[in-house]
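Peer 1: Before anything else, here's the structure in question.
Residue numbers (the working numbering), protein chains in the order written: chain A, 119 to 450; chain B, 343 to 743.
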């Protein structure tokens, strides 16, 4: 059973099940859409954190830029959503390439500091460019997409739109993770010096990982802006980067679906707890401490341990993407 | 190794967390009740304001009892102080049938919620400050009780200029965001009109906590008056640091947009003494409705109502009065009744202007009194003056769709 949990096809099947189950267990179509959108952004964050070993505080930049780019292209250029989304992906990839290219010149804590600095830089750019971004009021009146003549105004109609894009992008991210490129990222994460000695252009691979992650995160930002009808300043704040990292860590960095799990848990727990106790973020802090101390593979690790207990087989040991294990067993 | 018992326990916890929202939502949606949504920052940096506003909404709901034959319920919707969460909360509440919304303390939240509620067929009443709410972003379903920046400056800066004709040099400290720019623009217009020399301005960022550098600049400019245009905790921090720098003895200090009682309680009487404050509401306002309201709150809740409490109470009451008069709780019907309505409000005679949905009400200039002169623990200030100053809907930029 533990082997089954390592199969990418199972992860994709779980993503499909998530899309189908959310409307059955949640009354709010908006919350369900938000789970898929943040699940996508967390999965893109995981491509950097879990697969490349890069702890980036810059994901909020791409998420926020995606929101602003979507708003500007829909409102000022009057483009339809279908034409806007590829352009947003390009904006995300381009910005992430620039941020990544400059940040990966340093390693460890200096890399983290650089991504933090970029995060603040882009935040203040958005904050002061109020003619373009609406400043602290946000960019308002962002419309929902249309299918033919029909505007996807209802929460569940928009959920269906998000769900299709989520599955397509999730499959693409999985394809990237399973490709030779993805394997090389794992090699770089595990031993950068050796990967470089073998002859891999390590910097180029890292920048490419940034670009892919940035494109997907920007698309998630665009979907979010269309969901709530506004590109708020908070989308490009440092706090968004932090939230995406927390979701990724709660879910576990073992595979891309774990990030979706982390996003779902974070949003549903927040929705529930905030109604019960205004200081619910304290509980979230305690949960993070518990995960750091006892559950380093996150919620996915818990599922793996549970599966191992059920079948009495040993649980996976190291905190590594499960896809890697599959490759070592015979994938090209 | 995880044993089966531990696995079952942990799985149940996770499943419970994931599966509980529909159950809770069901519990919240009381059958047949007339729900007034109160989208407020109940957690996060503005949770204290949200808490009092929620109490105010509940107070109004309890007072109303039954409207249109339905029991009135005020339901808190935690916006966490984030526009995105605020939009989601009102979308969810609209989907569950709520049409009346009173809340939105922060401008960025209120702008988003106004659009969402209007598009969803509801009506939204707010106390948020951004001029755009009843200006360029005005819409059919959004109403605002608080006085915008133009009126706030007109009722604080103008009376002080008249009271202190010798004070010709003014220095401003401004938060560099849309609301701060609105206050600064209005202040500059008054300075120009009255021949006041604006000797300098310091901008500070949204998350700034240290203001000593700006205060040093202010001292160097040798102004007669220091006009602080920040709000919330930033204005309190600026004032604290200004007083500790000894600026109170050197110049007159004016805080144009104060929160009222909750802010004075945090600052204390020694700091407030001699400082001028602009405010939307003060529990000492001499109006029949306010006197009755304050007495009732003191009797039932055992405290004096602050701005968050009073504002939220009045918004909820107005929505319920509107629903009762319209004979319907649907947004467009209630909005139609509210347009042009005049009533005896907390600040005296108030009118909801039909053209932009702005409530025409008084704004107050207050002055901090000495601790020894306070009649009770809440008697921090005297009302110096009050008045109504508003741009026309056209000048505010409202084009009602």
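All C-beta atoms, glycine included, are put in the ideal place defined by N, C-alpha and C.
#1: Contact criterion: CB-CB distance below 9 Å. Does residue 720 of chain B meet it with respect to chain A?
#2: Using the rule of at least 16 other Cβ atoms within 10 Å of the residue's Cβ for burial, across every protein chain shown, is residue 202 of chain A buried or exposed?
#3: If you measure beta-carbon to beta-carbon, which residues of the stretch 417–439 of chain B are closer than 7 Å to chain A?
#4: Does the beta carbon of residue 396 of chain A come closer than 9 Å to any beta carbon on chain B?
#5: Output the distance between the C-alpha atoms of residue 481 of chain B and residue 457 of chain B, rounded to the nearest integer angstrom.
#6: Would you mind stating whether residue 174 of chain A and residue 229 of chain A have Cβ atoms separated by less than 9 Å?
#7: Got a sec: is the Cβ-Cβ distance from residue 587 of chain B to anything in chain A below 9 Å?
#8: Buried or exposed: residue 306 of chain A, going by 16 or more other Cβ atoms within 10 Å of its Cβ?
#9: Residues in its own chain within less than 8 Å of residue 644 of chain B by CB, not counting five upstream and five downstream?
#10: Against chain A, which members of the stretch 376–398 of chain B pass a CB distance test of less than 7 Å?
#11: Which residue marks the beginning of the alpha helix (DSSP H) containing residue 424 of chain B, and which one marks its end?
#12: Can you pull the chain A residues whose beta carbon is under 7 Å from the beta carbon of residue 479 of chain B, in chain order?
#13: Per DSSP, what kind of secondary structure is residue 381 of chain B in: helix, strand or coil?
#14: Any chance you could list the beta strand (DSSP E) runs of at least 3 consecutive residues sitting entirely within the stretch 161–244 of chain A, in chain order?
#15: Could you please tell me which residues of the stretch 182–209 of chain A, in chain order, have their CB closer than 7 Å to any CB of chain B?
#16: Use the C-beta contact count for residue 740 of chain B: other C-beta atoms within 10 angstroms, 16 or more gives buried, fewer gives exposed.
#17: Alpha carbon to alpha carbon, how far is residue 332 of chain A from residue 190 of chain A?
#18: Could you give the C-beta distance for residue 303 of chain A and residue 327 of chain A, rounded to a whole number, given that I count them as a contact under 8 Å?
#19: Go ahead and label residue 231 of chain A buried or exposed: buried means 16 or more other beta carbons lie within 10 angstroms of its beta carbon, across all protein chains shown.
#20: At what residues does the alpha helix (DSSP H) containing residue 579 of chain B begin and finish?
#21: Rounded to a whole number of angstroms, what is the C-alpha to C-alpha distance between residue 671 of chain B and residue 413 of chain A?
#22: Quick check on the DSSP output: what are the complete alpha helix (DSSP H) runs of length 4 or more inside the stretch 655–739 of chain B, in order along the chain?
#23: Exposed or buried, which one is residue 564 of chain B when buried takes at least 16 other CB atoms within 10 Å?
#24: Cβ of residue 247 of chain A less than 9 Å from any chain B Cβ?
#25: Taking only the alpha-carbon atoms, compute the straight-line gap between residue 363 of chain B and residue 415 of chain B and give it to the nearest angstrom.
#26: Bridge partners of residue 345 of chain A, per DSSP?
#27: Beta-carbon of residue 399 of chain A versus every beta-carbon of chain B: anything under 9 Å?
#28: Excluding sequence positions up to five away, which residues of its chain have a Cβ less than 8 Å from the Cβ of residue 394 of chain B?
#29: Going straight from the alpha carbon of residue 420 of chain B to that of residue 385 of chain B, what length do you get?
#30: Give the residues from the stretch 139–168 of chain A that approach chain B closer than 8 Å (Cβ to any Cβ), ordered along the chain.
#31: Going along the chain, which residues of the stretch 444–455 of chain B sit with their C-beta nearer than 7 Å to a C-beta in chain A?
#32: Looking at the secondary structure, which residues open and close the alpha helix (DSSP H) in which residue 418 of chain A lies?
#33: Give the DSSP bridge partners of residue 512 of chain B, in chain order.
#34: Check for me: the beta strand (DSSP E) holding residue 444 of chain B runs from which residue to which?
#35: Measuring alpha carbon to alpha carbon, tell me which of A/380, A/394, A/360 ends up nearest residue 369 of chain A.
#36: Residue 624 of chain B by DSSP, collapsed to three states: which one?
Peer 2: Taking the structure as given:
#1: Here the question's residue 720 of chain B lines up with position 378 in the second chain. So no, residue 720 of chain B is outside the interface.
#2: In the first chain, residue 202 of chain A corresponds to position 84, counting from 1. Per the 10 Å Cβ criterion, buried.
#3: Of all residues in the stretch 417–439 of chain B, 420, 422, 424, 425, 426, 429, 430, 433, 434, 437 have a Cβ within less than 7 Å of some Cβ in chain A.
#4: As a position in the first chain, residue 396 of chain A is number 278, starting the count at 1. At least one CB of chain B lies nearer than 9 Å to the CB of residue 396 of chain A.
#5: Counted from its first residue, the second chain places residue 481 of chain B at position 139. Counted from its first residue, the second chain places residue 457 of chain B at position 115. Approximately 8 Å, taken between the alpha carbons.
#6: Within the first chain, the letter at position 56 stands for residue 174 of chain A. Within the first chain, the letter at position 111 stands for residue 229 of chain A. Yes, they are a contact pair.
#7: Looking up residue 587 of chain B in the second chain gives position 245. Answer no: the Cβ-Cβ gap between residue 587 of chain B and chain A never drops below 9 Å.
#8: Sequence index remark: in the first chain, residue 306 of chain A carries index 188 (1-based). With a 10 Å radius around the Cβ and a threshold of 16 neighbouring Cβ atoms, residue 306 of chain A comes out buried.
#9: Indexing the second chain from 1 puts residue 644 of chain B at position 302. No residues qualify anywhere along the chain.
#10: For the stretch 376–398 of chain B, the set of positions with a beta-carbon nearer than 7 Å to some beta-carbon of chain A reads 384, 385, 389 in chain order.
#11: Within the second chain, residue 424 of chain B is the residue found at index 82, counting from 1. Neither: residue 424 of chain B is in no alpha helix (DSSP H) and is coded neither H nor E.
#12: As a first step, residue 479 of chain B is located in the second chain; it is residue number 137 there, counting from the start. Chain A residues near residue 479 of chain B: 258.
#13: Mapped onto the second chain, residue 381 of chain B falls at position 39. Residue 381 of chain B falls in the strand class under three-state DSSP.
#14: Secondary structure remark: continuous beta strand (DSSP E) runs of at least 3 residues inside the stretch 161–244 of chain A: none found.
#15: Along the stretch 182–209 of chain A, there is no position whose C-beta sits under 7 Å from a C-beta of chain B.
#16: Within the second chain, residue 740 of chain B is the residue found at index 398, counting from 1. Buried, by the Cβ-count rule.
#17: Within the first chain, residue 332 of chain A is the residue found at index 214, counting from 1. Within the first chain, residue 190 of chain A is the residue found at index 72, counting from 1. Taking the straight line from one Cα to the other gives about 18 Å.
#18: Mapped onto the first chain, residue 303 of chain A falls at position 185. Mapped onto the first chain, residue 327 of chain A falls at position 209. Going by Cβ atoms, the distance from residue 303 of chain A to residue 327 of chain A rounds to 6 Å, so yes, they are a contact pair.
#19: Along the first chain, read from residue 1 onward, the residue named residue 231 of chain A stands at position 113. Counting the other CB atoms within 10 Å of its CB gives residue 231 of chain A a total below 16, which places it among the exposed residues.
#20: Here residue 579 of chain B corresponds to residue number 237 of the second chain, with the count starting at 1. Unbroken alpha helix (DSSP H) run through residue 579 of chain B: 575–586.
#21: Numbered from its first residue, the second chain carries residue 671 of chain B at position 329. Numbered from its first residue, the first chain carries residue 413 of chain A at position 295. Computed Cα separation, rounded: 50 Å.
#22: List check, alpha helix (DSSP H) in window: 673–680, 735–738.
#23: Taking the first residue of the second chain as position 1, residue 564 of chain B is located at position 222. Exposed.
#24: One-based indexing of the first chain puts residue 247 of chain A at position 129. No, residue 247 of chain A does not count as interfacial toward chain B.
#25: Position 21 of the second chain, counted from the start, is the residue given in the question as residue 363 of chain B. Position 73 of the second chain, counted from the start, is the residue given in the question as residue 415 of chain B. Here the model assigns residue 363 of chain B a pLDDT of 45, short of 50, so the residue's position is not dependable, and the following value carries that caveat. For the pair residue 363 of chain B and residue 415 of chain B, the Cα-to-Cα distance works out to about 20 Å.
#26: Stepping through the first chain from its first residue, residue 345 of chain A is reached at position 227. Note: residue 345 of chain A sits in no beta bridge, so no partner.
#27: Translated into the one-based positions of the first chain, residue 399 of chain A becomes position 281. Yes, residue 399 of chain A counts as interfacial toward chain B.
#28: The residue you call residue 394 of chain B lines up with position 52 of the second chain. Contacts found: 604, 648, 650, 651, 654.
#29: The count along the second chain starts at 1 and reaches residue 420 of chain B at position 78. The count along the second chain starts at 1 and reaches residue 385 of chain B at position 43. So the alpha carbons of these two residues sit roughly 7 Å apart.
#30: Listed in sequence order: 143, 144, 145, 146, 147, 148, 149, 152.
#31: Within the stretch 444–455 of chain B, the residues whose Cβ lies closer than 7 Å to some Cβ of chain A are 449, 450, 453, 454, listed in chain order.
#32: For this step, residue 418 of chain A is matched to residue 300 along the first chain. Per DSSP, residue 418 of chain A is one residue of the alpha helix (DSSP H) stretching across 416–429.
#33: For the purposes of this step, residue 512 of chain B is taken as the residue at position 170 of the second chain. Partner(s): B/540, B/567.
#34: Taking the second chain and counting its residues from 1, one reaches residue 444 of chain B at position 102. From DSSP, the beta strand (DSSP E) with residue 444 of chain B extends over 442–444.
#35: Numbered from 1 along the first chain, position 251 holds the residue referred to as residue 369 of chain A. Of the candidates A/380, A/394, A/360, the one whose C-alpha sits nearest the C-alpha of residue 369 of chain A is A/380.
#36: Locating residue 624 of chain B in the second chain gives position 282, where the first residue counts as 1. In the structure shown, residue 624 of chain B sits in coil (DSSP, three-state: anything other than H, G, I, E or B).
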